[in-house]
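Chains as they are written, first to last, in full-length UniProt numbering: chain C, 1 to 363; chain W, 1 to 363. Here a beta-carbon is modelled for each residue, glycine too, at the ideal position from N, C-alpha and C. A short worksheet on the structure shown next.
Next comes the structure, spelled out in structure tokens:
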């Protein structure tokens, strides 16, 4: 991450989705960024958003996305638009030299994402998707436990869920179940995190094959509302990841990583139970006690405090990279586009397996 | 469960596997039973077992299984034999009017098990398998949470693991990886619990289809060392269960049951971390807090104390049923054979799907 910039990075928000409220707050919490402009399809919606969220009067309010992109003082845009609009607006933003912080899923498929990334690269702007949990210090601490210390031994099993029980109105009207808006449904909206977690745990190595499980549920327009998949490394398997995402089950965000020597577990990996402090558990060297009447060890809890919420840390990281590009003419950091690309590739593979009746899809 | 018998139920143990040590202790801990005889293939092995485990001098030591079954004072046998020997010895025991407490997996397939159950039924003896966790008061408490209170809403997702990281010697020599001994490998030995947990959570309703996942690992003799499966209810799915069992991953015994309204979770469901007290967590009505910066609720922990270890409670339950049959000429309780039969059917289906290249197997 770059140094703290002398002049803060000015963000424009394109689209006033609910999630924008959280990120608007994060932009102001982060030490190196400021909310500079808000654009919606209508000036009324933008004004409403501004007044609902106590946005400072100095923030520019625009009645179109284009106006945000045309404002020469906007350094970067945060884009919580329906997925079907990502390609157009992210490319437009890049062409106008705006750095792009975009909500997940990044695009309808990796072909679209490649176009966005190409536009960002050729225009020298930073790209990052909105996977906030990757920026939490707990995630950093877990990675140490996983990789640096080798406490878990060889990782051979990863399990991740992302579920939320939505309302009947959501199932009827939300853009996340509309084929022309967020065609990837639950897989794109919340499955993104599960797939990201598998890749994260495998240090962004792509799997050998991906197989959707037969429990997929779709609405009448073919949008996925619930699904599960097996993400397999090696054949025969050296590591297997299993994901489950659903709009029908009560809120869950489980992540378990198991190796030959131990396991790591948490149940709130995407959004911690509380902002200021988060935890995970790990168990190392677990065996059954003599006579198998209990365990020799119990899970150990690791607590990680966080001064800033993870979304502010994400904004801080992003703004730091933008600052580096601006002040020292450095290149955009390829790490974040690479993470997005691989996650989208994995998502495409699950979708393809679903579409082809749960046939395995090879990489 | 029956009343405490005036004369305790006399157990004979057939086979001196490691697990027999735990159950020998349980037989003596349970208030209504006594260890009466031990039989091994050689008198030396039986004597060694007796001395290793501080067995009282009054306990009969036999150098063959037949001698245990021929002893008229033996009421019931506990049978921790390799699975391939279950059919022969369980049928022999039943014919000699011995009640049968048998280790899991109950048989090599449900056809074999049906023969055992038929022998038990026609001879009026009780049958029960060694799924100890079903007898823990925590399990009873979880069932209340699940079914009586409807706290979780409609259960639509169940997840269960049973893994243990075995030694190279185990992979070479243990009977649980030998095709002529425990041909069902990890699926039979530890996957049994995962499948039992799915059935338990669905009140012993059989699923619609079962599909093995492609991550199966076998040894050179075709014995399963690791596998995963999807257990689906309804088509399209109303509930899906995912299981994972493995001889390669560090000890895990995860069970998560998620419904539309909440979830229940524990990580030691097969053998609690400690004998005297066990716990589970449940989360009800979880939503993300305003702005999605945390959860509105955290998991609640339920602690359940247990005066006797679960294996002693199993023996107590079994002995109570035997006592009822003996004193009031009542019929064996069909509940336990039914649980075993359904678990074995599910196991057979997973095995079949594995053998047929992960094709779905319908019930």
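Next on the checklist: Give me the residue from C/54, C/277 and C/137 with the minimum Cα distance to residue 317 of chain C.
Outcome noted: C/137
Checklist entry - Is it the case that the Cβ atoms of residue 38 of chain C and residue 61 of chain C are separated by a distance below 8 angstroms? => result yes
Next on the checklist: Would you say residue 349 of chain C lies against chain W (beta-carbon separation less than 8 angstroms)?
Outcome noted: no
Checklist entry - Is residue 76 of chain C buried or exposed, if buried means 16 or more other CB atoms sit within 10 Å of its CB? => result buried
Checklist entry - Measuring CA to CA, which of C/196, C/353 and C/135 is closest to residue 306 of chain C? => result C/135
Item to check | Which of helix, strand or coil DSSP assigns to residue 114 of chain C | outcome: helix
Item to check | Within chain C, the residues that residue 275 of chain W reaches when beta carbons sit closer than 7 angstroms | outcome: 293 and 294
Checklist entry - By a C-beta neighbour count over all protein chains shown, 10 Å radius and 16 as the cutoff for buried, is residue 303 of chain W buried or exposed? => result exposed
Checklist entry - DSSP three-state call for residue 81 of chain W: helix, strand or coil? => result coil
Next on the checklist: Output needed in chain order: residues of the segment 111-129 of chain W with a Cβ under 9 angstroms from some Cβ in chain C.
Outcome noted: none
Next on the checklist: Under 8 angstroms, with one C-beta from each stretch per pair, do the segment 318-325 of chain C and the segment 164-176 of chain C reach the 3-pair mark?
Outcome noted: no
Checklist entry - Any contact of the segment 275-286 of chain W with the segment 187-196 of chain W, i.e. 3+ C-beta pairs under 8 angstroms? => result no
Item to check | residue 409 of chain W, enclosing beta strand (DSSP E) - first and last residue | outcome: The question about residue 409 of chain W has no answer here: the residues shown for chain W are numbered 1 through 363.
Checklist entry - Does any C-beta atom of chain W lie closer than 8 angstroms to the C-beta of residue 301 of chain C? => result no
Next on the checklist: At a CB distance below 8 angstroms, what residues from the segment 243-266 of chain C approach chain W? Give them in sequence order.
Outcome noted: 244, 246, 248, 249, 250, 251, 252, 254, 256, 258, 259, 260, 261, 262, 263 and 265
Checklist entry - Using a C-beta to C-beta distance shorter than 8 angstroms, which residues of chain C count as neighbours of residue 339 of chain W? => result Within chain C, no residue comes near residue 339 of chain W; the closest Cβ sits about 21 angstroms away, beyond 8 angstroms.
Next on the checklist: Going by beta-carbon coordinates alone, are residue 203 of chain W and residue 249 of chain C separated by less than 8 angstroms?
Outcome noted: no
Checklist entry - Distance, Cα to Cα, residue 343 of chain W vs residue 110 of chain W? => result 9 angstroms
Checklist entry - Beta-carbon separation of residue 74 of chain C and residue 12 of chain C under 8 angstroms? => result yes
Checklist entry - In chain W, which residues lie less than 8 angstroms from residue 217 of chain C when you measure between Cβ atoms? => result 236 and 237
Checklist entry - In the structure shown, what three-state DSSP assignment does residue 53 of chain C receive? => result coil
Checklist entry - In terms of alpha-carbon separation, which member of W/40, W/210 and W/90 lies closest to residue 63 of chain W? => result W/40
Checklist entry - Is there a Cβ from chain W that is less than 8 angstroms from the Cβ of residue 271 of chain C? => result yes
Checklist entry - Which stretch, first to last residue, makes up the beta strand (DSSP E) that contains residue 196 of chain W? => result Looking at the DSSP string, residue 196 of chain W is not in any beta strand (DSSP E); the run it does join, the alpha helix (DSSP H), is 191-201.
Item to check | Selected residue, minimal CA-CA separation from residue 216 of chain C, among W/218, W/212 and W/237 | outcome: W/237
Item to check | Within-8 angstroms CB hit, residue 211 of chain C to chain W | outcome: yes
Checklist entry - What residues in the segment 159-170 of chain W bring their beta carbon closer than 9 angstroms to a beta carbon of chain C? => result 159, 161, 163, 164 and 165
Checklist entry - Does residue 105 of chain C get closer than 8 angstroms to chain W when you measure Cβ to Cβ? => result no
Item to check | Cα-Cα separation between residue 211 of chain C and residue 258 of chain C, rounded to whole angstroms | outcome: 20 angstroms
Next on the checklist: With a threshold of 8 angstroms between beta-carbons, can residue 344 of chain C be considered close to chain W, or not?
Outcome noted: no
Checklist entry - If you draw a straight line from the alpha carbon of residue 10 of chain C to that of residue 98 of chain C, how long is it in whole angstroms? => result 10 angstroms
Checklist entry - Quick one: any contact between the segment 152-168 of chain C and the segment 63-72 of chain C, if contact means 3 or more CB pairs under 8 angstroms? => result no
Checklist entry - Does the beta carbon of residue 352 of chain W sit closer than 8 angstroms to a beta carbon anywhere in chain C? => result no
Checklist entry - Taking Cβ positions, are residue 49 of chain C and residue 209 of chain C nearer each other than 8 angstroms? => result no
Next on the checklist: With a threshold of 8 angstroms between beta carbons, is residue 268 of chain C in contact with chain W?
Outcome noted: yes
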